[in-house]
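Visitor: 222 is the number that our numbering gives the last residue of the sequence shown; the numbers go up by one with no jumps.
C-beta atoms are modelled at their ideal positions from N, C-alpha and C, and glycine is treated no differently.
Dropping the structure in here first, questions after.
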Amino acid sequence: MASDGFLKVCTMEDLRVSRLGRLNISLNGRIVTVVVYKEKLYCMDTICYHAGGNLYKGDIEEVNGVPCLTCPIHHYRLSLKDGKQASFTYEVVDDKVGPCFLHFPPKEGTRQRVHPIKRVDDDVYVKLDDANKVLSDRLAFKKELLTQTGSRVCTSPIAADRESHRCLFFLAYSQGCSQVNLGSVRARAFQHFL
Numbered sequence: 029m030a031s032d033g034f035l036k037v038c039t040m041e042d043l044r045v046s047r048l049g050r051l052n053i054s055l056n057g058r059i060v061t062v063v064v065y066k067e068k069l070y071c072m073d074t075i076c077y078h079a080g081g082n083l084y085k086g087d088i089e090e091v092n093g094v095p096c097l098t099c100p101i102h103h104y105r106l107s108l109k110d111g112k113q114a115s116f117t118y119e120v121v122d123d124k125v126g127p128c129f130l131h132f133p134p135k136e137g138t139r140q141r142v143h144p145i146k147r148v149d150d151d152v153y154v155k156l157d158d159a160n161k162v163l164s165d166r167l168a169f170k171k172e173l174l175t176q177t178g179s180r181v182c183t184s185p186i187a188a189d190r191e192s193h194r195c196l197f198f199l200a201y202s203q204g205c206s207q208v209n210l211g212s213v214r215a216r217a218f219q220h221f222l
């Protein structure tokens, strides 16, 4: 262990030869994923805060230039920089559902813990961050979740197909929303249709 609290977790060569440019590592029982993306290093809790998806298996996607790991279960996009979740927003333009875009809501808090990471020569070091509780903390030590395939069948009739988005748009619009955050509307839609 380095004197500043950082632990050596791997080398850059380990990341280069890994299949996805990332490694799952257990540090003091906490499961983290170390990622190299466009020559930058990131470290995030591996188990998704929402439903326990294995983020190691998720794709990396950029949202407004911010690299995100996409959960393989519900496709939540979690920023590798700060652990915030990108949200879809739909606008109503001229009484019609307008463009859809992904963004990071300004008041959104961190949902997935990220950890400080640094490179010294060819070695990669991580310092576990446990300041301020975040949602992913409750699943960060559950190794059994690493075996999930990332494919779950949605059993809700309203969310099972593409038509569900139209129902959500209509519901939001009928309630006077000019902007729709899909997550909050979905909750109201479920209450409305149950």
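#1: Is the separation between the beta-carbon of Val-142 and that of Leu-69 shorter than 8 Å?
#2: Tell me, which residues are paired with Asn-52 by DSSP?
#3: Judging by CA-CA distance, which residue of Asp-157, Met-72, Phe-116 is the nearest neighbour of Arg-50?
#4: For Ile-75 and Leu-130, I'd like the C-alpha separation in whole angstroms.
#5: In this structure, how does DSSP classify Ser-164 when only helix, strand and coil are distinguished?
#6: Would Lys-85 be called buried (16 or more neighbouring beta carbons within 10 Å of its own) or exposed?
#7: Comparing alpha-carbon positions, which option in Pro-95, Ile-101, Thr-117 lies nearest Gly-80?
#8: Shortest alpha-carbon distance to Asn-56 belongs to which of Leu-174, Ala-168, Leu-173, Thr-175?
#9: Where Met-40 and Lys-155 are concerned, what is the direct C-alpha to C-alpha distance, given to the nearest angstrom?
#10: Terminal residues of the continuous beta strand (DSSP E) containing Glu-90?
#11: Can you name the start and end residues of the beta strand (DSSP E) that Asp-73 belongs to?
#12: Quick check: what's the CA-CA separation for Leu-106 versus Val-94?
#13: Given a cut-off of 8 Å on the beta-carbon distance, is the pair Val-62 and Cys-96 in contact?
Guide: With the given structure in hand:
#1: no
#2: Thr-61
#3: Met-72
#4: 22 Å
#5: helix
#6: buried
#7: Ile-101
#8: Ala-168
#9: 17 Å
#10: 88 to 91
#11: 68 to 73
#12: 9 Å
#13: no
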